[in-house]
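Our numbering puts the first residue of the sequence shown at 2, with every later residue one more than the last. Yeah, the Cβ is synthetic: ideal placement off N, Cα and C, and Gly gets one too.
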Amino acid sequence: MQTDNIITAVAEFSKGRYKVEIDGQFRFVLYRGELHTYHIKAEERISDEVLNEILTEILPKRAKLRSMNLLKSRTYTEHQIREKLRQGFYPEEVIDEAVEYVKSFHYIDDRCYVKDYIVYYSESRSRGRIEQDLFKKGISKDLIRAVYEEDLCEEKLPDETILIENWFEKKNYNRETASYQERQKMGAFLYRKGFSLDNIEKSLSSY
2 MQTDNIITAV AEFSKGRYKV EIDGQFRFVL YRGELHTYHI KAEERISDEV
52 LNEILTEILP KRAKLRSMNL LKSRTYTEHQ IREKLRQGFY PEEVIDEAVE
102 YVKSFHYIDD RCYVKDYIVY YSESRSRGRI EQDLFKKGIS KDLIRAVYEE
152 DLCEEKLPDE TILIENWFEK KNYNRETASY QERQKMGAFL YRKGFSLDNI
202 EKSLSSY
């Protein structure tokens, strides 16, 4: 049985783009021309057929194109693409479809993203810092650990103590002449950079 829904609000929020509210709840964003095409006006009804066409044809196509355009300029994690689409006010079911679409072509591959990220930054950042950065990008700790232990187990990544030595040089830190306060300050600095306490203590005490 067909059921119609009441369009409770149509509000412009940017040039030519309108938020459409149905039965008191925000549903999606349409362009001015689409409002005319589908005869969408406040206090009018929208049929199931029209609603279905918008949600299964118009918006998914737009979300896929948006995702592809984003990925042309740089790589993104799945989480980042989802956030970009949410910022465009796409419904969750539309976001799911767009993400699965780009994943099917391997335009999004979180595992490859993590591997490339680790290798690229391993010369300048601690493992802890890299893990923190990836976690902020929406990558799970389990995936990060798996890449380190499975994909990069045979890669010769720089030892953390070497990176710490580089920081000593950059900061003009001399273990031979450093005072207790300077040693504590350097230790705190390295900890904030994501280095492990064991490696920090080892490096500070190795002289």
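Considering only DSSP beta bridges, list what residue i is partnered with.
{"i": "Y19", "result": "E13, L31"}
{"i": "I8", "result": "I23"}
{"i": "I47", "result": "N6"}
For residue i, name the three-state secondary structure that DSSP assigns.
{"i": "M2", "result": "Since pLDDT at M2 reaches only 44, below the 50 mark, its modelled position is unreliable, and the value read off the structure follows with that caveat. Correct three-state label for M2: coil."}
{"i": "R75", "result": "coil"}
{"i": "G139", "result": "coil"}
{"i": "F190", "result": "helix"}
{"i": "F90", "result": "coil"}
{"i": "Y174", "result": "coil"}
{"i": "K42", "result": "coil"}
{"i": "K104", "result": "helix"}
{"i": "I109", "result": "coil"}
{"i": "E54", "result": "helix"}
{"i": "R130", "result": "helix"}
{"i": "E84", "result": "helix"}
{"i": "K60", "result": "With the sequence shown as reference, residue 60 is identified as Leu, and Lys is not the correct amino acid for it. L60: helix per DSSP, three-state reduction."}
{"i": "E150", "result": "helix"}
{"i": "D160", "result": "coil"}
{"i": "S197", "result": "coil"}
{"i": "E124", "result": "coil"}
{"i": "S180", "result": "coil"}
Do residue j and residue i come within 9 Å of each other at the CB atom, strictly closer than that value?
{"i": "I23", "j": "T38", "result": "no"}
{"i": "A212", "j": "G89", "result": "The requested residue 212 is not part of the displayed model; the chain covers only 2 to 208."}
{"i": "Y102", "j": "S74", "result": "no"}
{"i": "L76", "j": "G139", "result": "The sequence shown places Thr at residue 76, not Leu. The answer is no: Cβ separation not under 9 Å."}
{"i": "G129", "j": "K194", "result": "yes"}
{"i": "I59", "j": "L72", "result": "no"}
{"i": "V115", "j": "L86", "result": "no"}
{"i": "L158", "j": "R112", "result": "no"}
{"i": "Q141", "j": "I131", "result": "A quick correction: the sequence has Ser, not Gln, at residue 141. Result no, Cβ atoms of S141 and I131 do not sit closer than 9 Å."}
{"i": "Y32", "j": "R18", "result": "yes"}
{"i": "Y174", "j": "E183", "result": "yes"}
Since residue i contacts residue j with CB under 8 Å, what's their CB separation in whole angstroms?
{"i": "P92", "j": "R176", "result": "So it is not a contact: roughly 58 Å between Cβ atoms."}
{"i": "L164", "j": "G188", "result": "Wrong, their Cβ atoms sit about 15 Å apart, outside the cutoff."}
{"i": "S197", "j": "E150", "result": "That belief does not hold up - the Cβ atoms of S197 and E150 are roughly 16 Å apart, past 8 Å."}
{"i": "N1", "j": "L56", "result": "Residue 1 lies beyond the residue range present for the chain, which begins at 2 and ends at 208; the question has no answer from this structure."}
{"i": "V95", "j": "P61", "result": "5 Å"}
{"i": "I109", "j": "L153", "result": "Contact flag wrong, Cβ pair sits at about 20 Å."}
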